[in-house]
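Asker: First the structure, then my questions, so here it is.
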Amino acid sequence: GRLCIFKENMVYEAQRKVILEIAEKESCVIIGRNADFILKDKDNVLNVFIHGDMPEKVARICKLYNVTEEEAEKMMADIDKRRMTNYRFYTDQKWGMAKNYTLSLNSSELGYDLCEKIIMDCKK
-11 GRLCIFKENM VYEAQRKVIL EIAEKESCVI IGRNADFILK DKDNVLNVFI
39 HGDMPEKVAR ICKLYNVTEE EAEKMMADID KRRMTNYRFY TDQKWGMAKN
89 YTLSLNSSEL GYDLCEKIIM DCKK
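Per my numbering, residue -11 is the first one in the sequence shown, and the count goes up by one each step.
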């Protein structure tokens, strides 16, 4: 109910404050937490969206969490739904839209090592 929403808002505001403070002080990597939106007015930010193909993502989750393909697909759907809902609630924008990112990479096609190299090359 209301108490849960109030607590979530407090957590979000605390995370937002920390993200802004860290980004102001030093170079950093922030994964998720609506950081692309929180830091949208900063000039020295590289927003990256990493996505993958479903079969590769399912296989990776099965291996990481020792679950069946069906369980992996449900886990991904649940997590993505929460991400979309959270992002829309706090940013009033749609999650995963290319216009919100500087760079979008397909880790299934490129592999994680090349994704890392591309990101590091872009920061220079």
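Beta carbons are placed, not taken as given, at the ideal position from N, Cα and C, and that holds for glycine.
Here the structure is a predicted model, which is why all the values come from computation and not from measurement.
What number of angstroms, rounded off, separates the C-alpha of leucine 93 from the C-alpha of histidine 39?
Answerer: Here residue 93 corresponds to residue number 105 of the sequence shown, with the count starting at 1. Here residue 39 corresponds to residue number 51 of the sequence shown, with the count starting at 1. About 6 Å.
Asker: Quick one, are the C-beta atoms of asparagine 22 and threonine 90 less than 7 Å apart?
Answerer: Position 34 of the sequence shown, counted from the start, is the residue given in the question as residue 22. Position 102 of the sequence shown, counted from the start, is the residue given in the question as residue 90. For asparagine 22 and threonine 90, no; Cβs fall outside 7 Å.
Asker: Flag this pair as yes or no: are the beta carbons of alanine 60 and cysteine 50 separated by less than 7 Å?
Answerer: Translated into positions along the sequence shown, residue 60 becomes position 72. Translated into positions along the sequence shown, residue 50 becomes position 62. It is a contact, given that the beta carbons lie within the stated cut-off.
Asker: For isoleucine 7, which residues of its own chain have a beta-carbon under 8 Å away from its beta-carbon, when the five flanking residues on both sides are left out?
Answerer: The sequence position of residue 7 within the sequence shown is 19, counting from 1. Answer for isoleucine 7: Ile18, Arg21, Ala23, Ile26 and Leu27, listed in chain order.
Asker: Looking at the secondary structure, which residues open and close the beta strand (DSSP E) in which asparagine 94 lies?
Answerer: What you label residue 94 is simply residue 106 of the sequence shown in a count that begins at 1. Its beta strand (DSSP E) spans residues 91 to 94.
Asker: So, are the CB atoms of valine 33 and isoleucine 107 less than 7 Å apart?
Answerer: Here residue 33 corresponds to residue number 45 of the sequence shown, with the count starting at 1. Here residue 107 corresponds to residue number 119 of the sequence shown, with the count starting at 1. The answer is no: Cβ separation not under 7 Å.
Asker: I'd like to know whether the C-beta atoms of serine 95 and cysteine 103 end up nearer to each other than 7 Å.
Answerer: Stepping through the sequence shown from its first residue, residue 95 is reached at position 107. Stepping through the sequence shown from its first residue, residue 103 is reached at position 115. Yes, the Cβ-Cβ distance between serine 95 and cysteine 103 is below 7 Å.
Asker: Span of the beta strand (DSSP E) holding valine 17?
Answerer: Counting from one through the sequence shown, the residue named residue 17 turns up at place 29. Run containing valine 17: none; DSSP gives neither H nor E here.
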